[in-house]
Ligand code: GCU
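In the numbering used here, the protein residues as written are 3 to 668.
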């Protein structure tokens, strides 16, 4: 017995929809029969069809298009696209690489698993080109086995500072490849202790093995790098990116690393952030640091992904001028165009840190001459720790659809990160992942929808939240239409419900410090992290307008004017940009204070309804799944109740304004 679930790759018997005779023969063209990705794809196809429909398909290999080595850049999309079509006696999958074949196979298996009519789906040929070149997961796993912001057990990559490779590793590669992930960073961005030695002989053999396993599923391995490796493992006294000894050390080191781990795609770097070392120590810029590494890595076709999460985390709460929201922009925008062509800046979706509601980072649409990648978080750090159900795909859809007005027609975030807007060679999307060694991988079975959904959306940004959720439910939990509908009714509104019972109108941060689960309205108010709500007896919110920190003006027009004006600013972000009296009327017609009361009472009540919906599924879904989610809902409800009562009591006590509806406030 495996000690982990197969989730959506646990192909169970399926009803055949329509005529399935066509599934008895497959013509594959585009990857050589000997290509290990093709070998894995064919095994997947045979295992999947056998388990679901009892079919053992014959496979005919067509012309091999030649297997170019896995690349990192824009050309990736050409190599990974696929077409599934029907011919007289079978199904054709045409691609230009093993990866394309693999994705085509997973498309067919998804169709069968969702009990869709194969003939109808592929009748006129289905061609899919990945929306983004890089579709990446960032693990924040530490080598001692712990996971930074992990809510589903311990790491399955590391135990006691050793790398573990077993069946789970292989099944993980299948699982994420099946939704289109093609790159993975396997260690925490905060690279400390043993992880600093990842780039030494201590770990090379295991990393090479891991890299090969991933490569077999079209996934490129990346490592997070300790920027100060020259000091911490190299015996030098500097990490100055312009120092010749530092450069020479990295040249030797990278030659060794890429020789020993040939599949390595490059490195992710968190520098000058939250205590991590970086080029600022030496009076150098972020570009100096990134370029030095990138120039050396270039020889190996590798890239440097440099994070933009650089801000002052030792702020004085009395200081109203310094604005953490500005930091990414202020630190990175002045050097737009200076980053070398194999550097990608990785930008968190919002200017703060993965709150349930934030505006889009103004770097997206600000930077025009720099490769960019979006970073989102499916680890539910601020969104309920995989205890509370919070399906994040609707949020990601909003982010991707946001118009930046950076010029030209293609100005959404989706356009920018696809590489289309600025013709960038390297671009894409990464998620801080939500997996661990729990049986069900993600703590809460329903949180699996975020792992599945992130991959699907990264591959095809046109898919809707509903389509993705439905695929997840059908493939993972049940194909019964009534059950599917009930679970969709839980998943789809869950993000807005979470928002309603937690922090209002874009203000964020009313969480328990350090753990980030549960309510603490003033938890971060008098702290050093730059995260304030500024509530007093008259009003609440941060003035980020031209009269305040000026942050609103960092956007292109008309976004800047919209955000700068409380009358135009969307309600859901109004306290992010403005300090307003509790009596201020929102577009909804409600006052700020009444909005706070209403949304909190409603959010808690809606969470109760979600739990009731789930309880009604007893006996209709697997016992294991039912119990897991039920237990989580019990905890979600007590969390939601605390949020509701604490937030409402806090603002009633501050403002002295009663609830119009006379509900109980403590
Ligand atoms: C947040 C998170 C940290 C993490 C950091 C990052 O601040 O709480 O645990 O290291 O983001 O993204 O680097």
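Using N, Cα and C, we set each Cβ at its ideal position, and we do this for glycine too. All values reported here derive from a predicted model rather than from experimental measurement.
Assignment of beta strand (DSSP E) within the segment 191-235, counting only whole runs of 3 or more residues, yields 222-227 in chain order. DSSP links residue 308 through a beta bridge to 271, 347. By the Cβ-count criterion, residue 157 is buried, with 16 or more other Cβ atoms from all chains shown falling within 10 Å of its own Cβ. Here the alpha carbon of residue 240 sits roughly 18 Å from the alpha carbon of residue 199. With respect to residue 448, residue 391 sits close: the two C-beta atoms are nearer than 7 Å. In this structure, the beta-carbon distance from residue 428 to residue 373 falls below 7 Å. Ranked by Cα distance from residue 532, the options 329, 194, 539, 633 are led by 329.
Contact between the segment 94-112 and the segment 146-156 is not established, with fewer than three Cβ pairs separated by less than 8 Å. Assignment of residue 60 by DSSP, reduced to helix, strand and coil, places it in the strand class.
The criterion of a C-beta distance shorter than 7 Å is not satisfied by residue 493 and residue 537.
Residue 185 sits close to residue 138, with the two beta carbons spaced by under 7 Å. For residue 28, the pairing in a beta bridge is given by DSSP as 61, 93. Taking 6 Å as the cut-off, one finds no heavy atom of ligand 1 near enough to the beta carbon of residue 359.
Per DSSP, residue 151 is not a residue of any alpha helix (DSSP H), being assigned neither H nor E. For residue 524, the number of other beta carbons within 10 angstroms of its own is below 16, and it is reported as exposed. Annotation for residue 256: the continuous alpha helix (DSSP H) segment containing it runs 246-262. Looking from the CA of residue 297, the closest CA among 340, 584, 309, 659 belongs to 340.
In this structure, residue 29 keeps its C-beta atom at 7 Å or more from the C-beta atom of residue 86. Of the other Cβ atoms in all chains shown, fewer than 16 fall within 10 Å of the Cβ of residue 660; this residue is therefore exposed. With 16 or more other Cβ atoms from the protein chains shown falling within 10 Å of its own Cβ, residue 600 counts as buried. Inter-residue distance for residue 143 and residue 279 is about 19 Å (C-alpha atoms, whole angstroms). When secondary structure is reduced to three states using DSSP, residue 397 falls in the helix class.
Contact check between the segment 366-383 and the segment 418-432: three or more CB pairs, one atom from each, fall below 8 Å, which counts as touching. Taking C-beta separations shorter than 6 Å and ignoring five residues to either side along the sequence, the partners of residue 196 in its chain run 145, 163, following chain order. In the three-state reduction of the DSSP assignment, residue 185 falls in the strand class. DSSP lists no beta-bridge partner residue for residue 115. With respect to residue 573, residue 586 sits apart: the two C-beta atoms are not nearer than 7 Å. Ranked by Cα distance from residue 6, the first of 627, 380, 633, 398 is 627.
Proximity of the beta carbon of residue 146 to ligand 1 is not indicated: no heavy atom of the ligand is located closer than 6 Å. Of the residues assessed, residue 602 falls on the buried side of the cut-off, its CB having 16 or more other CB atoms within 10 angstroms. When the beta-carbon positions are compared, residue 269 and residue 227 come within less than 7 Å of each other. With respect to the C-alpha of residue 11, the residue from 61, 101, 178 having the closest C-alpha is 178.
Excluding sequence positions up to five before and after residue 324, its CB lies within less than 6 Å of the CB of 317, all in the same chain and listed in chain order. Taken through DSSP and simplified to helix, strand or coil, residue 41 comes out as helix. Excluding the 5 residues flanking it on each side, residue 60 has same chain C-beta neighbours closer than 6 Å at 27, in chain order.
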